[in-house]
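Notes follow once the structure below has been shown.
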Amino acid sequence: MKYLDWNLKKNDWLKKNRNIGFEEVAIALIEGDLLDIIDNPSKNFPKQKVFVIKINKYIYYIPFVEDEEKFFLKTIIPSRKAIKKYLEKL
Numbered sequence: 001m002k003y004l005d006w007n008l009k010k011n012d013w014l015k016k017n018r019n020i021g022f023e024e025v026a027i028a029l030i031e032g033d034l035l036d037i038i039d040n041p042s043k044n045f046p047k048q049k050v051f052v053i054k055i056n057k058y059i060y061y062i063p064f065v066e067d068e069e070k071f072f073l074k075t076i077i078p079s080r081k082a083i084k085k086y087l088e089k090l
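Note that full-length UniProt numbering has the sequence shown beginning at 1, numbered continuously upward.
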């Protein structure tokens, strides 16, 4: 089973600037709040995929890279656009 990994400095930055951290992403994944996995729409990151996760009634994009052992989480992006797409379906 693969595990989650992330950069600790990035996690601190996210907590200070976006009031959310990778720990909350991990909990949401465990609790079954993963809504989708999509290819990263940015052509600058062709090897990345994106978790679409619901946390506290909001939708977040979490870009990641995957190898044989782990998912390495890159950042957490709140998305109003995704709220319309995913929450209206629920």
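The beta-carbon is built from N, C-alpha and C at its ideal position, and this holds for glycine as well.
**Report entry** Assigned exposure category for residue 13 - 16 Cβ within 10 Å defines buried
**Finding:** exposed
Query raised in the report: Looking at C-alpha atoms only, which residue of 75, 51, 88 is the closest neighbour of residue 19?
Result: 75
Query - Unbroken beta strand (DSSP E) run spanning residue 66, endpoints - result: 58–66
Query raised in the report: How about residue 49 and residue 37: do their beta carbons lie closer than 8 Å?
Result: yes
Query raised in the report: Around the Cβ of residue 8, are there at least 16 other Cβ atoms within 10 angstroms (buried) or fewer (exposed)?
Result: exposed
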